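Letter 52 of the sequence shown, counting from 1, is numbered 52 in UniProt numbering, and no numbers are missing.
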Amino acid sequence: MQRAVLPGSFDPPTNGHLNLITRAARIFDELHVVIAFNRGKNYLFDENERKTLMIELVKDMPNVTVSLWDRLVVDYAKREKISVMIRGVRALADFSYEFELAMTNKELYPPLEIIFMPTDPKYFVLRSSAIKEIAMFGGDIETMVPPNVATALQKRLSGA
Numbered sequence: 001m002q003r004a005v006l007p008g009s010f011d012p013p014t015n016g017h018l019n020l021i022t023r024a025a026r027i028f029d030e031l032h033v034v035i036a037f038n039r040g041k042n043y044l045f046d047e048n049e050r051k052t053l054m055i056e057l058v059k060d061m062p063n064v065t066v067s068l069w070d071r072l073v074v075d076y077a078k079r080e081k082i083s084v085m086i087r088g089v090r091a092l093a094d095f096s097y098e099f100e101l102a103m104t105n106k107e108l109y110p111p112l113e114i115i116f117m118p119t120d121p122k123y124f125v126l127r128s129s130a131i132k133e134i135a136m137f138g139g140d141i142e143t144m145v146p147p148n149v150a151t152a153l154q155k156r157l158s159g160a
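And the structure:
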C-alpha cells in the first residue's frame, strides 16, 4: 500500500489545495492531509476550524484522512510510517523554497521521498493570503475557494 502525506496550513483551504488533494488521492492508496499549526503564528482560522473545513471538503474521498499536527511534519510521517510527502508548487519562487525545505526534511528523515506536484494552471495564482485580502475588501472569491470556505471567510471577516 502506497501512502503519502500532504501537509499545509490551509488557512483557508483553497480550490488549489483541493485540486492537489484530489489528484494525489488518485495516485496514492492512502493520503494524509496534515494541517500544520504553530502556536506562535497568527491564523485567520484556528486549527480545529481548518480541520472542520477540510473534513467537509474530502468527505467523499474514502482514502483521505485529515489530521492536526503541531510538530515537524517529518515526525508525523515517521510516526505513521509514511515514505512520501507531496508538496504543491506554483512557480519558480515556490519551487526554490520547497526544494530547500525538501532537503531539510530529507536530512531529518532520509527514507522520506518528496514529490513536487505542480498546480493546475487555473489555480496558478491562488494564495491563501491573497484570498483573505480579497475577501476582506469584499471581493468575489467564489471561484477561488470551495463554497463552505467562502461562507466561513465571509462570516469571519464580517465579524459575525
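Using N, Cα and C, we set each Cβ at its ideal position, and we do this for glycine too.
Treat the numbers as computed from the prediction; the structure is a model and nothing was measured.
If I'm right that M85 touches V33 with Cβ under 8 angstroms, what's the distance once you round it to whole angstroms?
Residue mapping note: residue 85 aligns to position 85 of the sequence shown, counting from 1. Residue mapping note: residue 33 aligns to position 33 of the sequence shown, counting from 1. Taking a contact as a CB-CB distance under 8 angstroms, the pair M85 and V33 does not count as one, their CB atoms being some 12 angstroms apart.
Give me the residue from E56, V58, A25 and L72 with the minimum Cα distance to N38.
Translated into positions along the sequence shown, residue 38 becomes position 38. Nearest option by C-alpha distance: L72.
Identity of the residue in P62, D29 and W69 nearest K51 by Cα
Counting from 1 along the sequence shown, the entry for residue 51 is found at position 51. Nearest of P62, D29 and W69 to K51, Cα basis: W69.
By the 10 Å Cβ neighbour count, where 16 or more other Cβ atoms means buried, how is P12 classified, buried or exposed?
On the sequence shown, position 12 is the one that residue 12 refers to. P12 is buried by the Cβ-count criterion.
Of the listed residues A93, D46, P118 and M136, nearest to I35 (C-alpha basis):
Position 35 of the sequence shown holds residue 35. Nearest neighbour of I35 by Cα position, chosen from A93, D46, P118 and M136, turns out to be D46.
Look at the alpha carbon of L18 and the alpha carbon of R90, and state the distance between them as a whole number of angstroms.
Against the sequence shown, residue 18 aligns to sequence position 18. Against the sequence shown, residue 90 aligns to sequence position 90. L18 and R90: Cα-Cα distance of roughly 14 angstroms.
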